[in-house]
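Read the structure below first, then the notes.
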Amino acid sequence: MGRRLGGGSEARIFGRRVIPGMRGGLFFVPFSCDLQLYEGRSRIGIAKENRKAGGRNMKRRRVYSVLLSAVLSAGMAFGSIVAPAFAAETEAVSEDAQKGGIVEELRIGITKDIEPRSLASEQGQFGRMNYNAFCAGTMLTRDQNNEIQPNLMTDWEIQDDGSTILATFATDQGITWHDGEPFTIDDVIFSVDYMNNVMASGYLSKVESVEKVSDTQVKMHVKDKAAYFTLGNSAVFVRIFPKHIWENIDDPSNYTGDDATIGCGPYKLVDVDEDARTMTYEAVGDTYLGKELTVKKVVVRTYDSQDALVMAVTTGEVDAMYDYSNPISATMLASISGVENVDSGKSTNLGLFEILFGFNKQPTDDVEFRKAVSLSLDYELLASTIGGEDGEIPGAGILTPASIGFDDSIAKLYQDTDEAQAVLEEAGYKDVDGDGYREMPDGSEMNVLVTPQYNQTKAALYQRLSEIVIDNLDAIGVKCTLDEECVRNAEAEEKLRKEGAYEIYIGYATQGVAYYKTAFLYMFDDPISMWGTCSLEDFTAAYNHLLNATGEEDYAAAAKELQQVNVKELVGVPLCWDKAYYPYRTDKYTGWVNYPGWGVINPDTWYNLRTIEE
Amino acid sequence: MEKGLYLLRRFGEGVFIVFCIITVNFFLIRFMPGDPVRHILGEDEYFNLMSMDPDKIEEVRADYGLDKSYPEQYLAYLNKTIHLDFGNSYRTKNTVLSTIVFRAKWTMWLAIPTILISGILGAVSGLYCGRNQGGKADGFFTTAGLVISTIPTNCLAILFLILFAFKGGWFPISGITKGGCVGLEKIFDIFRHMQLPLIIMILYRTASNHLLMRSTAIQVNEGEYISTAVSKGMTERRVRLCHMLKNTLCPYVTSLCMQFGNILTGAMMVEIVFSWKGMGTLIYDSVTTKDFPMLQGCFLFIGVCVVVFNFLADLICTMIDPRIKGGAGREV
């Protein structure tokens, strides 16, 4: 028998404790139970009730756990269910593509954004893709040997000792603008004038006037006998503008009309998906300039980083990557090495890291000092830092083996600290005060400023290179200081560069510059250069010879001459000859042509790529 | 009446704060070193015009009213702001407003589910653990919450990307959608692309919400009214839902609303890792390219959002807790 209990007491019935129920009722249980009372709080339960309650709680927990798991699993299942569909779609495209060897859809990844989209811009996805004679009709292109090839300009003849170019254009081959208007010689004449006088572009700056000869030919009158320079400088970059669209546009850089993307190239822009950041292009026909277009549709997708781009290539989301003058770094190789159906796209890089010496400052204006710097550097360390396993110690001529006119007789650079010290001693750079650092020949303090190029994406690499240079110079008694202001402040770096106030500047010669103007452009003290300070007579003469070369042979000879000048004067010091990596997939298509330092997406892609035949 | 006055006062404060933000935005570009036109046009364009066509720079200066006195410039700037004219992005040439609207939309796709789901999950787990402090569940969830909160967002995001997207192939690697889809197919594709970034954001928000709710619940749990409720014979469920939850909701909801304002900066790291083109990546791109018109627009947008959601938090709190009328309250 039991009796109602109040809180705060213990009751026993038949030797067994009983506990009031939650609502003050009585629960009598024939087995042991506990009453627990706390100051200000009470927890009331019976063992059985507890077990029942515990059982209910356990059940409830299980239900909640199952529900939560179900929600999370549903999310993952959703992805996995749709993923095969995505893969199936990929397979479906491949199956269709294999029917006739024609590539139905080529997917390219790029790290440039979908804006701006204008023929007048070289930025963004649209602008960069047009370097491949893609949507815009470019005058000339380059092939994998870096030689100029005809495009819309089908033929040319240099006349009057380099003062005239007689150019023939494909205006009689039925080429039309993507809005249907015919491509005419008036568009060519208009384009030259527009680029020089409205866009203020430098590519055709040597062209003084254009004279119409016929419906297919013009004569370009060029100053300074720079006909070959004009051709070389404009190849890849100069595109023809539709006169009927751009003649009324005074501000081309800000023009964003729908017709800003109208070109006369082999592909026309048909769709822009701003959410997916893709741009879709379709071939204008089965052929273009008499060559069969083997790729029907191209979808170019923007990725935010090279990491994402490499992952996309590896997983098959895209077939190849294109990133002008920006190959993937050696550190990413591990993620594509050994991956099935992915080729690293390795080739010799035309671009390179180099030291520029400031000729407006001491001691870098002294050839003996420059020689000592050259001898002090640990090129093996530099090569491995920049190029990883594929990094190569460079030659003293600077230009890479892939360059036109490369002089293979020039020896590689080497480190010899004893020789470096001897050179400095001989030149009068002695440690007068015994502090371990050398002074200038006049006895004043020597502290050389080392300035790395401002580059956000490669900041760590630049700083590491600076560190190596400073350490190496320190070992031969040359005190150096890292230009920290320029490391963190782009404006300060730009100012230093434009004033020519640097001493040792670590910079990068890009692919595009290396094509024609070469890495020596950065040393040339002339408005054409962005930051050159060298005005040595032999260097200036050699570089002008290069710029004003009358033909390919003359250009190659001038390039050789420049390299020899550099061996003697050490106007600049290359840090590494590295490889360029532009990975691409090999499981769907064949016929890829890998341009050195450029990759497999190039003017040849549209005419060579085919599906892999079974 | 009191409540109305309180809300009106808060609204007025919000408007004042927005006005201050607009004013700071005005002076921001003018106090930066160098010519303000340079920040408007962009460095490349500026130096290009300086050598080729310096008159154009003066035209732009006049266009933006930078040749006038500061008070005149300020009034013109206020006028433009009221008409939502924030200029054009120097990088893309599109209007700042259209770009922000486009990007904010995608941030909302992540932010709204994040706030809702993490809000519920954090509340449930925090409340339970706060009530059962020291228990196994508390040990597990709190430890997990602390661990997740201490891991940098970008680290976890990259880890998930590599494990589940790159290696596992269960999720897309990046982007909002693969393209080429319309209608329902596009919506499903977007859902597929947002799973991974959403999971990351929910994990982080849930962890911090859990910790917040738990600490509030522990405090509330020690209240005498809870003991009274229990000793009255109330079920555990009723104690939690009717007494604890109501008293923990106010600070919790305030925190959630403030998170909403902050999350519109787009959980920058997550957006960058997954290439989700929201406000976070917009700000990041604008900073790296020195797109000052866009940055100004973004700062204003974020400032206004924070103010709006703070006001919303106040509004919701007055609905939850009738004691809040701008004055003291009494025990329930």
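Protein chains in written order, with the numbering used here: chain A, 1 to 614; chain B, 1001 to 1332. Note that the Cβ used here is the ideal one computed from N, Cα and C, for glycine as well.
Per DSSP, which residues does residue i bridge with? Please list them.
i	result
threonine 302 of chain A	A:Ile110
methionine 1234 of chain B	Looking at the DSSP assignment, methionine 1234 of chain B forms no beta bridge with any residue, so it has no partner.
asparagine 1088 of chain B	B:Thr1095
isoleucine 328 of chain A	None, per the DSSP bridge assignment.
aspartate 271 of chain A	A:Thr280
proline 574 of chain A	A:Glu354
serine 347 of chain A	A:Ala580
leucine 449 of chain A	A:Thr481
alanine 320 of chain A	A:Ile108 and A:Tyr584
threonine 611 of chain A	A:Tyr589
lysine 297 of chain A	A:Glu282
glutamate 392 of chain A	A:Trp577
Of the residues the options, which one's Cα is nearest the Cα of residue i?
i	options	result
valine 615 of chain A	A:Val469, A:Cys486 and A:Glu211	What the structure shows of chain A is the stretch from 1 to 614, and residue 615 of chain A is not part of that stretch, so it cannot be assessed.
cysteine 1250 of chain B	B:Lys1186, B:Ile1302 and B:Asn1310	B:Asn1310
valine 198 of chain A	A:Asn248, A:Asn608, A:Val213 and A:Arg438	A:Asn248
proline 441 of chain A	A:Asp431, A:Ile506 and A:Val450	A:Asp431
valine 192 of chain A	A:Phe183, A:Asp179, A:Lys206 and A:Gly180	A:Lys206
valine 1101 of chain B	B:Asp1138, B:Thr1318 and B:Gly1280	B:Gly1280
leucine 1196 of chain B	B:Leu1159, B:Val1037 and B:Phe1026	B:Leu1159
aspartate 538 of chain A	A:Ser529, A:Phe524, A:Glu157 and A:Ala475	A:Phe524
isoleucine 1148 of chain B	B:Gly1139, B:Leu1203 and B:Val1239	B:Leu1203
aspartate 578 of chain A	A:Glu493, A:Leu352, A:Tyr589 and A:Ile114	A:Leu352
phenylalanine 1027 of chain B	B:Tyr1070, B:Thr1248 and B:Phe1140	B:Tyr1070
valine 653 of chain A	A:Asp143, A:His221 and A:Phe126	Because chain A here runs from 1 to 614, residue 653 of chain A falls outside it and cannot be looked at.
arginine 1205 of chain B	B:Ile1120, B:Phe1164 and B:Glu1236	B:Ile1120
glutamate 122 of chain A	A:Ser253, A:Met321 and A:Leu521	A:Ser253
Starting from residue i, trace the beta strand (DSSP E) both ways and give me its first and last residue.
i	result
leucine 1198 of chain B	Element bounds for leucine 1198 of chain B: not the beta strand (DSSP E) but the alpha helix (DSSP H), 1183–1221.
phenylalanine 169 of chain A	164–169
proline 150 of chain A	148–150
glutamine 217 of chain A	217–222
aspartate 155 of chain A	153–159
glutamate 616 of chain A	Nothing can be reported for residue 616 of chain A: it is not among the residues displayed for chain A, which extend from 1 to 614.
Please confirm whether residue i and residue j have their CB atoms less than 8 Å apart.
i	j	result
tyrosine 454 of chain A	alanine 490 of chain A	yes
threonine 164 of chain A	lysine 223 of chain A	no
glycine 1175 of chain B	serine 1275 of chain B	yes
threonine 605 of chain A	asparagine 360 of chain A	no
alanine 1144 of chain B	methionine 1201 of chain B	no
alanine 427 of chain A	glycine 388 of chain A	no
arginine 301 of chain A	asparagine 130 of chain A	no
asparagine 1154 of chain B	valine 1015 of chain B	no
proline 632 of chain A	threonine 1092 of chain B	Because chain A in this structure spans residues 1 to 614, residue 632 of chain A falls outside the shown range and cannot be described.
cysteine 1305 of chain B	leucine 1282 of chain B	no
leucine 1007 of chain B	aspartate 1314 of chain B	yes
glycine 101 of chain A	threonine 611 of chain A	yes
threonine 348 of chain A	glycine 597 of chain A	yes
Can you tell me where the alpha helix (DSSP H) with residue i in it begins and where it stops?
i	result
arginine 142 of chain A	Element bounds for arginine 142 of chain A: not the alpha helix (DSSP H) but the beta strand (DSSP E), 140–142.
leucine 465 of chain A	459–475
proline 1071 of chain B	1070–1082
alanine 480 of chain A	Note that residue 480 of chain A is cysteine in the sequence shown, not alanine. Unbroken run through cysteine 480 of chain A is the beta strand (DSSP E), 480–482; no alpha helix (DSSP H).
threonine 1288 of chain B	1279–1288
proline 182 of chain A	Counting along the chain, proline 182 of chain A falls outside any alpha helix (DSSP H), and DSSP gives it neither H nor E.
isoleucine 504 of chain A	Premise fails: isoleucine 504 of chain A lies in the beta strand (DSSP E), 504–509, not in any alpha helix (DSSP H).
tyrosine 379 of chain A	379–387
asparagine 544 of chain A	537–547
Indicate, with yes or no, if the ligand GDP has a heavy atom lying under 7 Å from the CB of residue i.
i	result
leucine 1163 of chain B	Only the bare structure without any ligand can be found here, which leaves the ligand GDP out of the picture.
Which residues in chain D have a C-beta closer than 7 Å to the C-beta of residue i? List them in chain order.
i	result
asparagine 233 of chain A	Protein chains in the displayed structure are A and B, and chain D is not among them.
Query raised in the report: With a cut-off of 8 Å, do at least 3 Cβ pairs link the segment 256–267 of chain A to the segment 130–142 of chain A?
Result: yes
Query raised in the report: At a cut of 8 Å, does the segment 555–569 of chain A reach the segment 396–405 of chain A through at least three beta carbon pairs?
Result: yes
Requested in this report: For the segment 1118–1136 of chain B and the segment 1177–1188 of chain B, state whether three or more C-beta atom pairs, one from each stretch, are separated by less than 8 Å.
Outcome: no
Query - Stretch pair the segment 311–320 of chain A + the segment 353–368 of chain A: three plus CB contacts closer than 8 Å - result: no
Query raised in the report: So, do the segment 380–393 of chain A and the segment 529–547 of chain A have three or more beta carbon pairs nearer to each other than 8 Å?
Result: no
Query raised in the report: Any chance the segment 473–482 of chain A sits against the segment 433–450 of chain A, with 3 or more Cβ pairs inside 8 Å?
Result: yes
Query raised in the report: Pairing CB atoms from the segment 1245–1259 of chain B with CB atoms from the segment 1108–1124 of chain B, are three or more of them under 8 Å?
Result: yes
Query raised in the report: Between the segment 576–584 of chain A and the segment 339–358 of chain A, do three or more beta carbon pairs fall short of 8 Å?
Result: yes
Requested in this report: May I ask you to verify whether the segment 301–310 of chain A touches the segment 104–116 of chain A, counting CB pairs closer than 8 Å and requiring at least 3?
Outcome: yes
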